[in-house]
Amino acid sequence: MAYHHRYYRQEFNGQTFWKNPRDLRERLSDQDSLIAKLRDQLQSINDENNQLIQQLIPQRADDIQKMETADGSSQPAEEQVDHIEDCDIFSPAEIAFLKMTKEVKELEEELVILRVQRDQNEENRVRLTELRAALDVSHTNREMLAEEKPSLELQIKELKWKNCTLSQMETASQKLNTMEELSSAVEVSLQDLKEEICINRFRRLEREQWEKGPYAIPFETLCQRDPKYNALLENNMESALEEMMNLNNLLSEEEKHSDETNQSLDMQENEVMEAKEHQEMESEERTELLVEEERTEVLVEEERTEVRVEETEELQRERGPDIANRLEELNKCLQNLQQERQKNVKKDKKQKSDKDKKVKNKKEEEKVKEPKEKPEKRFSFSKFFGRLFCFRR
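When the sequence shown is numbered by this note's numbering, its final residue is 618 and no position is left out of the sequence of numbers.
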């Protein structure tokens, strides 16, 4: 059959049909619209089903929780998973779901416990690191304190001695000042008394002379003529001398006390010097012990080298000149090592002596750098009146 451009052939159940393509297009568009409507209906049905499921799930959960056992005790369904299989209420899918929920909860509880343990382990690790660091610091501090202990003890002794000397010197200076003030006051009072006594006697003598006669005789001539006046003067001078002797006795007692304090200070100085010498002797003994140990090591090494030399000689006899050359090289290396060790020992001694010198120099510098007493500011009348006049102007 011929094909026409407006129609096409279609076979259906062994029969042929001639149709127009326009009709086919219309039918295809109708089918597309039907398919879209069906999809919309399916989506609406699915949404309704989901809503119903969401409404039924909480009711079903409540039923599961309110389910009672055969004894009459109410328990949640997760704990009755073993008894649910005997019931005909739940489907196998729901039973599997309940079992899974129980296992999930147990696993979640285990996870929580493990997380807590992990956090605790991390905190313990941090604490361990901190404690190790603190232990290292404490070990270093102990070593430093053990090294610095003798020097600190000496410094403490020196400070105590200085405090004692300062306190004793202050007390002595105060006593001396008081005695000087007393002596000056006594001297002034004696001079005043002498002047008053002389004036009063001169007046009495003048009165007596004027009563006897009109002519006045001077006091010196009266002393030369009459021994009474000399006796009076001698008695007054004796009383003044007694007071001066008492003051001298007090001064001598204070001098004795100051001498005793000086002796005690000298004794303390000697003790400090003996402690320093003892420490120096101990340091020298330690250095000597180290040197002796090194010498013993060197002697042992020399003996070993001699034994090796003897062995090498035997090997030379047995094996030949090549081994002898090698052994000579080894002996040279050993000698070089011994020389280097001796040099290192000398360097260590020099370093120790330099350190001791530095410590002594530092102590001397600290003594020199002690704060000096500032001079007291005195009041000057010239500056005061000068400023006053400037202010008035």
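The beta carbon of each residue, even a glycine, is placed where N, CA and C say it ideally should be.
Cβ-Cβ distance between residue i and residue j below 8 Å
i    : j    : result
E479 : M404 : yes
T530 : L559 : yes
N556 : V534 : yes
E526 : Q563 : yes
Q504 : L379 : yes
#### Entry: Cβ pair count under 8 Å reaching 3, the stretch 383 to 402 against the stretch 505 to 517
No, they do not touch.
### Message
Measuring CB atoms only, is the stretch 489 to 504 touching the stretch 380 to 392, in the sense that at least three cross pairs come out at less than 8 Å?
### Response
yes
### Message
Suppose only complete runs of 4+ residues qualify. What are the alpha helix (DSSP H) ranges in the stretch 314 to 377, listed by chain order?
### Response
none
#### Entry: Inter-stretch contact at 8 Å, needing at least 3 Cβ pairs: the stretch 504 to 511 / the stretch 417 to 425
no
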